[in-house]
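What follows is the structure in structure tokens.
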């Protein structure tokens with residue numbers, strides 16, 4: 060797989076524009092509040108209100124899976140742009156500021172009506188695992204008219220997040236972005252995002268991946284859910300039949316790249332302590348796609364992914380705290 | 060000095076209700092953006108907008124000097140309440156959540172009109188020093204009618220922050236709170252907050268401190284500014300003539316307590332690295348007043364202050380990240 064190096068953009072990301080609200084909690088908190096550990100659960104206004112009230116004091120920081128990935132690519136020295144929807148409210152301003160000042164182009168105007176900017180209530184347990192409860196707000200209303208075709212055509216890779224696959228207009232937005240990218244001969248990439256998402260959308264996604272996706276990102280639970288198996292090796296072989304490249308992360312076991320009939324196993328970049336796993340997959344994808352943009356081979360791409368993921372899990376928050384260029 | 064242990068509240072704090080926006084910057088950033096290092100500078104909407112645009116990605120977390128102090132007292136196991144003004148906006152919700160869930164009573168309804176909730180753009184340089192640029196918004200409009208007399212009478216100590224001394228109605232609010240506390244035989248406390256604040260309000264504050272304040276908190280620069288001297292020892296002696304107790308912090312040199320004609324020097328609690336000095340003075344005051352509430356002597360109060368300050372400077376953000384009860 061080779062990303063066209065002559066285009067103005069390396070990657071354009073399409074996803075839910077979200078501000079994360081992060082607090083450290085005990086395991087008991089998850090039980091008491093019926094939070095599904097390690098997952099991303101969609102919540103409504105009422106649940107957001109009651110769960111937030113129960114949470115300890117937290118910090119707010121910009122998130123959103125694809126946006127985190129774009130921030131990672133910019134931090135690595137790549138050229139990234141972002142498509143997502145915020146409101147003209149305080150959290151929308153925070154999201155725009157953090158995304159732009161992190162070096163990612165994000166210029167679409169904020170919506171002036173509708174629901175507020177999305178937020179995700181993230182509980183981090185002492186083991187570093189994150190459990191996310193997302194109120195999608197305006198972000199879920201991304202529609203095909205929000206996709207800038209010229210922008211998509213100007214990027215070597217179009218990267219879409221599975222989390223966005225929720226409302227009909229957002230599904231159409233993803234399909235439209237993928238169609239435009241594909242017609243222009245660009246690489247189309249999708250992250251499966253969450254095993255519960257895969258479970259909800261398995262049939263649609265199997266078709267989408269087979270028809271339209273060149274490069275898929277998934278973790279072990281997600282790829283296993285896709286093929287309704289407990290056997291990772293089998294799932295890896297099955298997804299490899301649908302796409303040109305599958306980059307599969309396995310937490311502490313490293314990652315596996317399936318490409319051109321080969322399987323490549325890559326170890327993790329050691330970190331002193333997993334403080335907050337939020338953003339691990341997002342930053343792996345960032346490193347991997349940055350690797351493609353500089354012409355690295357599959358092993359090089361996966362290693363860049365591991366380095367970027369290792370940085371983001373060593374602190375609270377899903378975007379890099381240091382310039383990732385200093386780590387590579 | 061003895062705080063009445065039979066009252067429902069140990070301390071009620073009165074101050075500017077602020078959400079902090081914190082980012083790590085270089086020394087050059089401060090120069091380029093004309094930021095006064097180590098100070099709290101008031102900024103208007105326009106400057107807030109241009110400075111925020113120039114700042115790197117950051118995190119949002121609740122702050123406000125007196126509110127940080129109340130969070131510290133609650134974290135130490137004391138009973139604290141807070142009086143300050145937020146709007147019914149997203150940052151106002153964040154401030155209320157963090158304050159209440161940190162164990163501080165804060166029940167006054169949000170303003171439904173007027174300026175937005177206050178925010179402070181805080182730049183943290185590699186030396187751990189913080190430089191604050193505060194857009195006061197609705198917080199500056201605290202007025203005597205916002206002071207709940209019954210609440211003030213129910214607290215052993217009423218603690219006011221000098222930062223709030225800006226608009227006429229806020230000055231009246233402080234005077235009113237102090238008068239109510241004093242008439243009820245409670246301890247009246249003031250922090251001088253910032254040397255530039257002292258410089259702006261020296262004459263008014265000399266009168267206020269002499270007439271109404273029992274317990275004053277100040278750092279070296281603030282107490283020196285109060286008496287327009289470079290000689291800390293001389294300033295310490297002068298403020299001791301105006302109040303029953305003066306608790307004076309000197310950064311790495313520890314703190315000095317002037318009380319009953321005596322001077323007591325207390326060392327700092329060692330920390331591995333000063334990550335972010337924001338909240339150091341606020342948490343020192345928290346520890347000191349918590350000490351008064353449990354009947355500690357002056358040395359014990361100062362030591363509790365040092366422990367609480369030591370925790371807060373070891374991480375980003377101005378409120379404790381661990382239950383301070385675990386440190387004492």
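Protein chains in written order, with the working numbering: chain A, 60 to 387; chain B, 60 to 387. Glycine residues also receive a C-beta, built at the ideal position from the N, C-alpha and C atoms. In this text the structure is predicted, and so the values were computed from the model without any measurement.
Taking a beta-carbon distance threshold of 7 Å, residue 161/B counts as an interface residue toward chain A. The segment 373 to 385 of chain B and the segment 327 to 347 of chain B touch, with three or more beta-carbon pairs separated by less than 8 Å. Taking C-alpha positions only, residue 236/A is separated from residue 190/B by approximately 43 Å. Around residue 188/B, the same chain offers 96, 97, 336 as residues with beta carbons nearer than 7 Å, after the five sequence neighbours per side are excluded. Within chain A, no C-beta atom comes less than 8 Å from the C-beta of residue 60/B; the nearest is roughly 30 Å away. Taking a contact as a CB-CB distance under 8 Å, the pair residue 127/A and residue 223/A does not count as one, their CB atoms being some 14 Å apart. A buried status is given to residue 155/A, since no fewer than 16 other beta-carbon atoms sit within 10 Å of its beta-carbon. Contacts with chain A at 7 Å (Cβ-Cβ) do not include residue 297/B. Only residues of its own chain outside the window of five on either side were considered, and among them 243 have a CB closer than 6 Å to the CB of residue 212/B, listed in chain order. Within a 10 Å sphere around the beta-carbon of residue 361/A sit 16 or more other beta-carbons, which makes this residue buried. Note that the C-beta distance between residue 176/B and residue 145/B is below 7 Å. Within chain B, the C-beta atoms nearer than 8 Å to that of residue 119/A come from 118, 119, 120, 153, in chain order. Look at residue 180/B here: in three-state DSSP terms it is strand. DSSP places residue 218/B inside the beta strand (DSSP E), whose first and last residues are 214 to 220. Between the segment 305 to 324 of chain B and the segment 87 to 94 of chain B there are fewer than three inter-stretch CB-CB distances shorter than 8 Å, so the stretches are not counted as touching. Residue 189/B is bridged by DSSP to 183/B. When C-alpha distances from residue 67/B are compared across 352/B, 381/B, 387/B, 118/B, the shortest belongs to 352/B. Only exposed fits residue 381/A, as fewer than 16 other CB atoms lie within 10 angstroms of its CB. Counted as a single uninterrupted DSSP element, the beta strand (DSSP E) harbouring residue 248/A occupies residues 246 to 250. With fewer than 16 other beta carbons inside 10 angstroms of its own, residue 61/B counts as exposed.
Not a single C-beta of chain B is nearer than 7 Å to the C-beta of residue 341/A. Bridge partners of residue 119/B according to DSSP: 119/A, 80/B. Interface annotation, residue 150/B: in contact with chain A, CB-CB separation under 7 Å.
Checking the DSSP bridge columns, you'll see residue 72/B partnered with 141/B, 218/B.
Chain order gives the chain B residues near residue 157/A as 116, 117, where near means a beta carbon separation below 8 Å. In this structure, 178/B is the residue among 288/B, 64/B, 178/B, 118/B with its C-alpha nearest to the C-alpha of residue 108/B. In this structure, the beta-carbon distance from residue 305/B to residue 275/B falls below 7 Å. In the three-state reduction of the DSSP assignment, residue 334/A falls in the coil class, being assigned neither a helical nor a strand state. Going by DSSP, residue 257/B is part of the alpha helix (DSSP H) stretching over 254 to 271. Residue range 339 to 352 is occupied by the alpha helix (DSSP H) that includes residue 348/A. Residues of chain A with a Cβ closer than 7 Å to the Cβ of residue 111/B are, in chain order, 156. The three-state secondary structure of residue 372/B, taken from DSSP, is coil. With the criterion set as a beta carbon lying under 8 Å from some beta carbon of chain B, the members of the segment 350 to 378 of chain A are 376, 378, in sequence order.
For residue 146/B, there is no enclosing alpha helix (DSSP H), as DSSP gives it neither H nor E. Sequence-distant partners of residue 102/B (beyond 5 residues in either direction) whose C-beta falls short of 8 Å from its own C-beta, in its chain, are 110, 180, 192, 193, 194. The beta carbon of residue 148/B is closer than 7 Å to those of 175, 176 in its chain, skipping five residues each way along the sequence.
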